[in-house]
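See below for the structure under consideration.
2 protein chains.
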Amino acid sequence: MHWKINNSEYLFKNHWLTLRADTCEKPDGAIIEPYYVYEFSDWVTAVPFTKDGKIIMIKQYRHALGDISIEIPGGCVDQGDTDLQTACARELLEETGYVFDSYKYLCKTSANPSTNNNLMHIFLAEGGKWQNVQQLDAGEDIEILLLSVDEVKGLLKENKIIQSMHVTALMYAFEKLKLIAF
Amino acid sequence: MHWKINNSEYLFKNHWLTLRADTCEKPDGAIIEPYYVYEFSDWVTAVPFTKDGKIIMIKQYRHALGDISIEIPGGCVDQGDTDLQTACARELLEETGYVFDSYKYLCKTSANPSTNNNLMHIFLAEGGKWQNVQQLDAGEDIEILLLSVDEVKGLLKENKIIQSMHVTALMYAFEKLKLIAF
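Line by line, the protein sequences are chains A and U.
Heads up: the first sequence runs through residues 4 to 185, numbered per my numbering.
Heads up: the second sequence runs through residues 4 to 185, numbered per my numbering.
Printed below as a string of structure tokens:
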């Protein structure tokens, strides 16, 4: 089922946007062109629990959708990150100011494998303790929400968590902790 | 928390790619530019059950990720679609050849609200009956899998369903049918 890439051209390659157009050949010889691929570095996120069992959610404006979104923290794997967990811990510290006793890898997911070349790696982070004020990038305004498991389940039931990778993360974290069974 | 758009420029606007670069102004007056937004029409998908309780999953090559993906059927809302359910039924018939007795709206989700301007609308489709051979677009090669609920739960547990909007859809469908509780 895999396609061959006969030609590949970058239309943009800058800090915020890497976009290429491929000419693809299917197994039956048919040519598909252009096929646009959005390139991103891999992403990391965690369902982060504080020591007293609250989930650290964040609330921020997301300009593409044009709306406020209730999410879990995370971000891009950077060049300097030695591994995925280090990248995740760095992002959590920057966005929430918390450090965590333990990380468990839960699963990987894709926002959309037909447009994006990257994966999101998802952790469960436990034993969170506040250490620092947030260290936010320009353009980031992040409000912290400390919510109980029941409050987060309520947000899920009411369809108030709109980012699909974060819904996925919460489901896998709740399954790991036996808070749901699937 | 909302941003103002001071300027907006389309870099691409064709059938497969609509990409704009915004100059944004935050509430504190800070300017963010460029902010790239991928525009798409809204998407529709369903967790589709046959009359005898199998879930109709599809398997296809996804070129951006460069891998085979096990998904549920769906696609874009087209100009000619009168409503979301009609769009969803059209996509399911094209991709699977099945028609359904009933549709229930479950929830909406976003692949990524920081990059995409659109939403995916998710239905539960029940009472599926095979009607036609698939009517696929150029570039679509879709293998049909008829799986039991337990088989799909197994795929979820093994992290074999990689598309986050589809994981979200399955969780909400299973919750609606009381096959999981969250």
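The beta carbon of each residue, even a glycine, is placed where N, CA and C say it ideally should be.
Go ahead and pull the three-state DSSP assignment for M174(A).
Assignment of M174(A) by DSSP, reduced to helix, strand and coil, places it in the helix class.
Just mark Q166(U) as buried or exposed, buried being the case when its beta carbon has 16 or more other beta carbons within 10 Å.
Buried.
Please list, in chain order, the residues of the segment 159-181 of chain A that have any C-beta partner in chain D closer than 7 Å.
This model lacks chain D altogether; the protein chains it does include are A and U.
If we ignore side chains and look at the alpha-carbon of each, how far apart do Y38(U) and D55(U) end up?
Cα to Cα, the separation comes out at about 48 Å.
Contact residues within the segment 53-66 of chain A, judged by C-beta distance below 9 Å to chain U:
Cβ contacts with chain U come from K62, Q63, Y64, R65 and H66.
Sorted by chain position, which residues of the same chain lie with C-beta nearer than 6 Å to K7(A)'s C-beta, five sequence neighbours on each side aside?
Excluding sequence positions up to five before and after K7(A), its CB lies within less than 6 Å of the CB of E28, all in the same chain and listed in chain order.
What are the start and end residues of the alpha helix (DSSP H) that includes L159(U)?
First-last of the alpha helix (DSSP H) with L159(U): V152 to K160.
Quick check: is the beta carbon of W6(U) nearer than 8 Å to any beta carbon in chain A?
The Cβ of W6(U) sits closer than 8 Å to at least one Cβ of chain A.
Report yes if the C-beta distance between F103(U) and L95(U) is below 8 Å; otherwise report no.
Their beta carbons are under 8 Å apart, which means F103(U) touches L95(U) by this criterion.
On the three-state DSSP scale, how would you describe M168(U)?
Of the three classes helix, strand and coil, the one that applies to M168(U) here is helix, per DSSP.
Reducing DSSP to helix, strand and coil, say where Q88(U) ends up.
Here Q88(U) sits in helix by DSSP.
Using the C-alpha atoms, what's the distance from V80(A) back to H124(A)?
When rounded, the distance between both Cα atoms is 10 Å.
Would you mind reading off the limits of the beta strand (DSSP E) that contains K107(U)?
Counted as a single uninterrupted DSSP element, the beta strand (DSSP E) harbouring K107(U) occupies residues S105 to T112.
Around the Cβ of P30(U), are there at least 16 other Cβ atoms within 10 angstroms (buried) or fewer (exposed)?
Around the beta carbon of P30(U), fewer than 16 other beta carbons sit within 10 angstroms, so the residue counts as exposed.
Can you grab the Cα-Cα spacing for the pair I61(A) / V136(U), in whole Å?
C-alpha separation (whole angstroms): 46 Å.
Per-residue DSSP class, three states only, for E143(A)
Three-state result, E143(A): coil.
Beta-carbon proximity of V50(A) to I58(A), cut-off 8 Å:
With respect to the 8 Å criterion, V50(A) and I58(A) are classified as neighbours on the basis of their beta carbons.
Is the segment 62-72 of chain A touching the segment 118-132 of chain U in the sense that three or more CB pairs, one from each, lie closer than 8 Å?
Touching, yes.
Look up N99(A) in the DSSP assignment and say whether it is helix, strand or coil.
Reading off the sequence, residue 99(A) comes out as Thr, not Asn. Helix at T99(A).
Taking C-beta pairs closer than 7 Å, name the residues in chain A that K156(U) reaches, listed in chain order.
Under a criterion of Cβ atoms nearer than 7 Å, the residues of chain A adjacent to K156(U) are, in order, F185.
Using a C-beta to C-beta distance shorter than 7 Å, which residues of chain U count as neighbours of L20(A)?
Within chain U, the residues placing a beta-carbon under 7 Å from that of L20(A) are Y39, ordered along the chain.
Cα separation between A172(U) and D144(A)?
Answer to the nearest angstrom: the Cα atoms are 29 Å apart.
Name, please, each residue of chain A whose Cβ falls closer than 8 Å to the Cβ of L139(U).
Under the 8 Å cutoff, chain A gives no residues; its nearest Cβ is about 12 Å from L139(U).
How is K7(U) classed by DSSP in three states: helix, strand or coil?
K7(U) falls in the strand class under three-state DSSP.
Starting from the beta carbon of L127(U), find every residue of chain A whose beta carbon is closer than 9 Å, and list them in chain order.
None at all; the shortest Cβ gap to chain A is about 14 Å.
Per DSSP, what kind of secondary structure is K179(A) in: helix, strand or coil?
If DSSP states are grouped into helix, strand and coil, K179(A) belongs with the helices.
Using a Cβ-Cβ distance cut-off of 8 Å, determine whether S44(U) contacts chain A.
Closer than 8 Å to the CB of S44(U) there is not a single CB belonging to chain A.
Name the DSSP beta bridge partners of R23(U), please?
DSSP links R23(U) through a beta bridge to Y13(U) and V40(U).
Give me the residue from M168(U), L158(U) and H18(U) with the minimum Cα distance to Q82(U).
If we check each option's Cα against that of Q82(U), H18(U) comes out closest.
By the criterion of Cβ-Cβ separation under 7 Å, what are the contact partners of C110(A) in chain U?
The answer, in chain order, is N162.
Quick one: is H5(A) buried, meaning 16 or more other Cβ sit within 10 Å of its Cβ, or exposed?
Looking at its Cβ environment, which holds fewer than 16 other Cβ atoms inside 10 Å, H5(A) is exposed.
Can you tell me where the beta strand (DSSP E) holding S72(U) begins and where it ends?
Element bounds for S72(U): D70 to E74.
Straight-line Cα distance separating N10(U) from I35(U)
Approximately 11 Å between the Cα atoms of the pair.
By the 10 Å Cβ neighbour count, where 16 or more other Cβ atoms means buried, how is Q63(U) classified, buried or exposed?
Result: buried.
Just how far apart, CA to CA, sit N115(U) and K156(U)?
Annotation: N115(U) to K156(U) spans about 24 Å, alpha carbon to alpha carbon.
Chain-ordered chain A contacts of C27(U) [CB-CB under 7 Å]
Those are H66, listed as they occur along chain A.
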